[in-house]
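What the sequence shown shows, in the working numbering, is residues 19 to 313, in sequence order.
This report concerns only the one structure given below.
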Amino acid sequence: MGSDKILREIRSLKKRVEQLSKEIESIKAASSEESSVEKILRMRGIEVFRKDPKDRLFFPPDLSVFDQTRFYEMMKRYSFRLVLRDMIKHQEGFRVPDLTHYCSPRVAKGYCEVLCEVGAIVKNGKENYRTRVSPLYSFGPTLEWFIAEMFKREFASPAIYGVNLKKTASGGDYDVIASWNQRLVYVEVKSSPPRGVEPSEISTFFSRMEDLLPEVAILFNDTQLRMKDKLVVMFEEELERRYGNESGTLYPVKRLVEELFHVRHRLFIVNSKKDVVENFQTCLKDYLRYIGGMP
């Protein structure tokens, strides 16, 4: 065996060992992170029944940590998330032209190539694709996974998603729960546009806040449309229903910046215009600034 070939194999083995080491560390970190979220819930007398379901995600459960990272970075792009919705709609078979409602054919093809590389979609023939996981009923669980990963990766905060809790009044799945800065953060994730969000969903969100008593609560709507026209109105109506005519004085819904809104710097309405990570960071900083007494 030539020396050049041996060197190439050594480099390949070294790269693989480094990747495996990262995956082991990620597994260890995930274990400690999840337990810390459950610990902060137990302090409230709440026990987790189920969390982090893998069977409803866009990508298969055996995806490597390296490829999950690639997928996560792509999820930061709004056009990519819209393309995933189209892929789910046509999951049994789709072509690039089926994915060009919100991006160019070149961009859509690039997304297909990346997803083929990571093993999230499969190429059938020359130009046909299908999702590797099937059936896929909704983009929602994958979006919840992304928000939980965002807390872990961007804010160094343990987070779990798709959480089912024992003996809570509201029941159902709590989308994302994080332990951020030793504070409980609850995020309700909406993948449909504002017109698809019903008043009953806003009411359930408020009821789940009463279950969890989080320091920070965020309703995240993955859209670049205006929040003022419908979601803010539904928040104001729900607050009035719960707290009466004085709700507008006691709990006013105020604009934080652009399409980000807050109620007393603890409850936030967030959309995905510009950048999801930046929008969450803006809200979390606002909470810290307010409780710290800064102007």
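For glycine and all other residues, C-beta sits at the position ideal for the given N, C-alpha and C.
Environment of residue i [buried if 16+ CB atoms lie within 10 Å]
i, result
"residue 278", "buried"
"residue 119", "exposed"
"residue 6", "Past the edges of the chain, shown from 19 to 313, lies residue 6, and the structure says nothing about it."
Contact set for residue i: own chain, Cβ-Cβ below 8 Å, skip 5 residues either direction
i, result
"residue 274", "280, 286, 300, 301 and 304"
"residue 132", "88 and 92"
"residue 293", "94"
"residue 221", "256 and 259"
Sequence-distant residues of the same chain with beta carbon closer than 7 Å to residue i, five excluded per side
i, result
"residue 66", "56, 59, 181 and 183"
"residue 141", "134 and 147"
"residue 257", "265 and 269"
Contact under 8 Å by Cβ, residue i with residue j
i, j, result
"residue 179", "residue 198", "no"
"residue 196", "residue 177", "yes"
"residue 290", "residue 96", "yes"
"residue 226", "residue 204", "yes"
"residue 241", "residue 212", "yes"
"residue 85", "residue 137", "yes"
Same chain only: Cβ atoms within 6 Å of residue i, ignoring 5 sequence neighbours per side
i, result
"residue 206", "193, 223 and 237"
"residue 254", "271"
Span separating the alpha-carbon of residue i from that of residue j
i, j, result
"residue 187", "residue 230", "10 Å"
"residue 228", "residue 165", "22 Å"
"residue 105", "residue 158", "14 Å"
"residue 190", "residue 68", "11 Å"
"residue 161", "residue 209", "7 Å"
"residue 114", "residue 214", "27 Å"
"residue 108", "residue 70", "25 Å"
"residue 247", "residue 117", "28 Å"
"residue 167", "residue 232", "19 Å"
"residue 200", "residue 296", "21 Å"
Whole-Å CB distance - residue i paired with residue j, under 8 Å assumed
i, j, result
"residue 139", "residue 150", "6 Å"
"residue 152", "residue 110", "7 Å"
"residue 308", "residue 283", "4 Å"
Any non-hydrogen atom of the ligand SAM closer than 7 Å to residue i Cβ
i, result
"residue 297", "In the structure on display, the ligand SAM does not appear, and there are no ligands present to speak of."
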